[in-house]
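Trainee: Once you've had a glance at the structure underneath, I'll fire off some questions.
In my numbering, the protein residues as written are 5 to 463.
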């Protein structure tokens, strides 16, 4: 695209203001109505991909339903010689991310005001069946009055599960703000947006995200498994009630999080002066207590006591063996990636195979790059051979290229059926399986030109 070019017969491109993996955003002049607008144009390389075109159109349809002061308004949508575009109101201001990066933690009253506006816009969207799925400070614009306006519903989905638009196995979103269920490739709902907004509030209060990391997978695994650090440990002057709300929003189990309407009500109550730790909560259920550092001595004493008991029990059990002999413990379950599998013998980065079981999630084995339509390989599939030292109950695959389809087989027998692989996906083996050699067989790469297998573990 060139500056000065006119799109749709009326929108003259003036300045590139942002670009992402799916589209670019320009400030443009609307020649018909003589005003500034924001023009979002799908990248030309995606213009022939029906999936991306539909996602782009879905964004326009979704946001067109959302007339709310805290959501950027859609003005128009069109197709200019195959170039898909959406026209939004133009917000002449910074993103919330730029504000935090420039000034660090925000004053509490500003966190309440901005957080309340964002939550209000998202609650409105949820009430109309739309989940944003990529809530982050980069997607919040501040207008001239300092009002927060949520934008970029590019991966928004309907809450209507029966229409198949909240399918599992697809991991979209930004890892620093992604909900655990979304990082796992599971079905998302409105509480997934609540989690992401909880991360945003955490960042506004502390100046940093709760789970920093070097890669998508590393950060996503923290969201899935690690408890978030305490707000109060990093921002001691934060109101306990606000810290408690953030804790509730960051619950791993989405069913334990408050709804977005409850978040709005709680933030509004605190904006009106009820920010103390003992004030009555607006939520229908109590918030969890904010985490405080506990003394390690009781835990150490308990652990030592358990060790003494365990030793005594072990002694009894050992003495019960025939002839007083010690029962041999089963070997520790181990797994090793030994070779790539390619039906046509073209090679699939064989030298990288050991990366799949090296214990480092940052490294990976990768397939070659393919450009066949529909995510195919131009052959039956490709795979990687795995060997264990004893039969496992399950095999867990971690990947930073989620969305591909794979099964787990031994010889010609499929032991774990095909599923769409997310950031961390478990292949459960049938009870009684005695196999110790497997192939992770990949039949479709999804939207990925190449598939990465970062780490495989057995259990």
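Every residue gets a Cβ at the ideal spot worked out from N, C-alpha and C, and that includes glycine.
Need the endpoints of the alpha helix (DSSP H) that residue 92 sits in, please.
Mentor: Segment 87-93 is the beta strand (DSSP E) holding residue 92; no alpha helix (DSSP H) there.
Trainee: Return the bridge partner residues of residue 423 from the DSSP annotation.
Mentor: Answer by DSSP bridge pairing, in chain order: 410.
Trainee: Which of the three DSSP states, helix, strand or coil, is assigned to residue 397?
Mentor: Residue 397: coil per DSSP, three-state reduction.
Trainee: Please report how far the alpha carbon of residue 358 lies from the alpha carbon of residue 391, in whole angstroms.
Mentor: Between residue 358 and residue 391, the C-alpha separation is close to 12 Å.
Trainee: Opposite residue 448 in the DSSP bridges: which residues?
Mentor: 409.
Trainee: Which residues in the same chain have their Cβ closer than 7 Å to the Cβ of residue 456, if we skip the five residues on either side of it in sequence?
Mentor: 368, 370, 403, 404, 405.
Trainee: Within its chain, find whatever has a CB closer than 8 Å to the CB of residue 1; leave out the 5 residues flanking it on each side and keep chain order.
Mentor: Outside the modelled stretch of the chain, which goes from 5 to 463, sits residue 1, for which no answer is possible.
Trainee: Hey, out of 235, 14, 426, whose CA is closest to residue 37's CA?
Mentor: Selected option, being the one with the closest Cα: 14.
Trainee: Which term fits residue 20, buried or exposed, when burial requires 16 or more other beta carbons within 10 angstroms of its beta carbon?
Mentor: When all chains shown are included, residue 20 counts as exposed.
Trainee: What residues in its chain sit with their C-beta under 6 Å from that of residue 60, if we drop five residues either side in the sequence?
Mentor: Contacts found: 46, 88.
Trainee: One question on the structure: do residue 220 and residue 188 come within less than 8 Å of each other, judged by their Cβ atoms?
Mentor: The answer is no: Cβ separation not under 8 Å.
Trainee: Whose C-alpha, out of 97, 119, 191, 341, is nearest the C-alpha of residue 445?
Mentor: Ranking the options by Cα distance to residue 445, first place goes to 341.
Trainee: How should residue 552 be labelled, buried or exposed, when 16 other C-beta atoms within 10 angstroms of its C-beta is the threshold for buried?
Mentor: In the structure as shown, the chain starts at 5 and stops at 463, and residue 552 therefore has no counterpart that could be examined.
Trainee: Keeping to the same chain, check which residues put their C-beta closer than 7 Å to that of residue 272; ignore five residues upstream and five downstream.
Mentor: 120.
Trainee: Based on DSSP bridge pairs, tell me the residues matched to residue 34.
Mentor: 15, 39, per the DSSP bridge assignment.
Trainee: Please determine if the region 183-202 and the region 71-88 are in contact, where contact requires at least 3 C-beta pairs separated by less than 8 Å.
Mentor: At 8 Å Cβ cutoff, the stretches do not touch.
Trainee: Out of curiosity, what's the CA-to-CA distance linking residue 33 and residue 101?
Mentor: Near 26 Å, if we compare the C-alpha coordinates of residue 101 and residue 33.
Trainee: Between the region 255-263 and the region 102-121, do three or more beta carbon pairs fall short of 8 Å?
Mentor: No contact exists between the region 255-263 and the region 102-121.
Trainee: Using C-beta distances below 8 Å, list every residue in its chain close to residue 151, excluding the 5 sequence neighbours before and after it, in chain order.
Mentor: These residues qualify, in order along the chain: 73, 74, 121.
Trainee: Looking at the structure shown, is residue 301 part of a helix, part of a strand, or coil, going by DSSP?
Mentor: Residue placement at residue 301 is poorly supported in this model, since its pLDDT is 38, which falls under 50; the coordinates still yield a value, given next. Residue 301 falls in the helix class under three-state DSSP.
Trainee: If we ignore side chains and look at the alpha-carbon of each, how far apart do residue 64 and residue 437 end up?
Mentor: About 50 Å.
Trainee: I'd like to check one pair, residue 209 with residue 237: are the Cβ atoms closer than 8 Å?
Mentor: Their beta carbons are not under 8 Å apart, which means residue 237 does not touch residue 209 by this criterion.
Trainee: Have a look at residue 231 and residue 254 and give me their C-alpha separation to the nearest angstrom.
Mentor: When rounded, the distance between both Cα atoms is 9 Å.
Trainee: For residue 464, which residues from the same chain have a beta carbon less than 7 Å from its beta carbon, with the 5 sequence-adjacent residues on both sides left out?
Mentor: With the chain represented from 5 up to 463, any question about residue 464 goes unanswered, as that position is not in the structure.
Trainee: In terms of DSSP beta bridges, what is residue 431 paired with?
Mentor: 399.
Trainee: Go ahead and label residue 317 buried or exposed: buried means 16 or more other beta carbons lie within 10 angstroms of its beta carbon, across all protein chains shown.
Mentor: Because residue 317 sits at a pLDDT of 40, beneath the cut-off of 50, its placement in the model cannot be relied upon, and the following sentence gives the value as read from the coordinates. The residue in question, residue 317, is exposed, as its Cβ has fewer than 16 Cβ neighbours within 10 Å.
Trainee: Can you tell me which of the three DSSP states residue 259 falls into?
Mentor: Three-state DSSP puts residue 259 in a helix.
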